[in-house]
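Note sheet for the following structure.
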Amino acid sequence: MRLAEIWRYPVKSLGGEHLTQADVGYEGIPGDRLVHVEDARGRVVTARARPRLLVHRATLGPNGMPLVDGRIWASSEVANDIEEAAGAGTRLVRDDSLERFDVLPLLVATDGAISSLGYDRRRFRPNLLIGGVAGLAEREWEGRHLHVGGAVIGIVSLRQRCIMTTFDPDTAEQDREVLLRIHRELGGAMALDCQVLQPGTVKVGDPVEVRLPDG
């Protein structure tokens, strides 16, 4: 097995950026989900309810600040786009707390599980995509450790998937069959919620090993 892809999402619910390497730490990939969308009442707004957010792409600039479609995230132009996608009164807000993650700081997916469904892997928004995995082997990995590059990653649980998987990452068009199949064929869960046990640098192409905790 090998590390096939690395993804970061500087703005929650927007499209992400493909990396060739990352220094993975206890809070996951630096710069991941630093900014989110809020409504006028201060409630977090996601692509679950406002899928048009997905068609905007967030990256991290050279100074470590998020960019939206190549523009500074706090600019008036970006603010207008966010309101158009998410509704009047919505805005982007920075959040450096651990609460910015839905579950844990790192989501790991495998090519075997994704291939079993046959959909674009971007629908599942992994941070790390592992290649060379046989079928649904990830379903046996809970409680084990991933050794990849200089990092050790603890696999906590399978991720329960939501309606966000039904939206095309390029067009935001909905295909409800995606989530229905995840429930029918995979019990509603796919990919792995993980925590970082040993920080380290990971690179695309790094070998990946799954070991028991004392292995």
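Under this note's numbering, the residues of the sequence shown are numbered 937 to 1151, in order. We treat Cβ as the ideally placed atom computed from N, Cα and C, and that holds for glycine.
- Annotated as proximal: valine 1138 and valine 1084, with beta-carbon spacing under 8 Å.
- The beta carbon of leucine 1115 sits closer than 7 Å to the beta carbons of Arg1097, Ile1099, Thr1101, Thr1102 from its chain, once the five residues preceding and following it are set aside; these are given in chain order.
- By a beta-carbon distance limit of 8 Å, alanine 994 contacts glycine 952. Their separation comes to about 7 Å.
- Under DSSP, glycine 1067 shares a beta bridge with Arg938.
- Looking only at Pro1149, Ile965, Ala1024, Arg1075, the smallest Cα-Cα distance to glycine 1000 is reached by Ile965.
- Annotation: the continuous beta strand (DSSP E) that includes glycine 1136 extends over 1136-1139.
- Scanning Glu1020, Ala1015, Ala1021 for the CA closest to the CA of valine 1029 turns up Ala1015.
- Valine 947 has its alpha-carbon roughly 29 Å from the corresponding atom of glycine 1068.
- Histidine 1081 has its alpha-carbon roughly 5 Å from the corresponding atom of arginine 1147.
- Per DSSP, the beta bridge partners of tryptophan 943 are His954.
- Taking the Cα of arginine 1061 as reference, the smallest distance to any Cα among Val1004, Gln957, Val1044 is reached at Val1044.
- Burial is judged here by how many other beta carbons sit within 10 angstroms of a residue's own beta carbon; leucine 990 has at least 16 and is buried.
- With fewer than 16 other beta carbons inside 10 angstroms of its own, histidine 1119 counts as exposed.
- For arginine 1095, no alpha helix (DSSP H) run applies; the uninterrupted beta strand (DSSP E) run containing it begins and ends at 1087-1096, by DSSP.
- Cβ neighbours of leucine 1034 within its own chain (closer than 8 Å, five residues either side excluded): Glu963, Pro1041.
- Within the same chain, and ignoring the five residues on either side of threonine 1026 in sequence, the residues whose Cβ sits closer than 7 Å to its Cβ are Val973, Glu974, Asp975, Val981, Ile1018, Glu1019.
- Rounded to whole angstroms, glycine 1071 and proline 1002 show a C-alpha spacing of 36 Å.
- Per DSSP, the continuous beta strand (DSSP E) segment holding histidine 972 begins and ends at 971-974.
- Residue pairing by DSSP places isoleucine 1050 opposite no residue, since no beta bridge is assigned to it.
- Rounded to whole angstroms, the separation of the alpha carbons of aspartate 1104 and glutamine 1110 is 6 Å.
- The continuous beta strand (DSSP E) containing arginine 1147 extends over residues 1144-1147.
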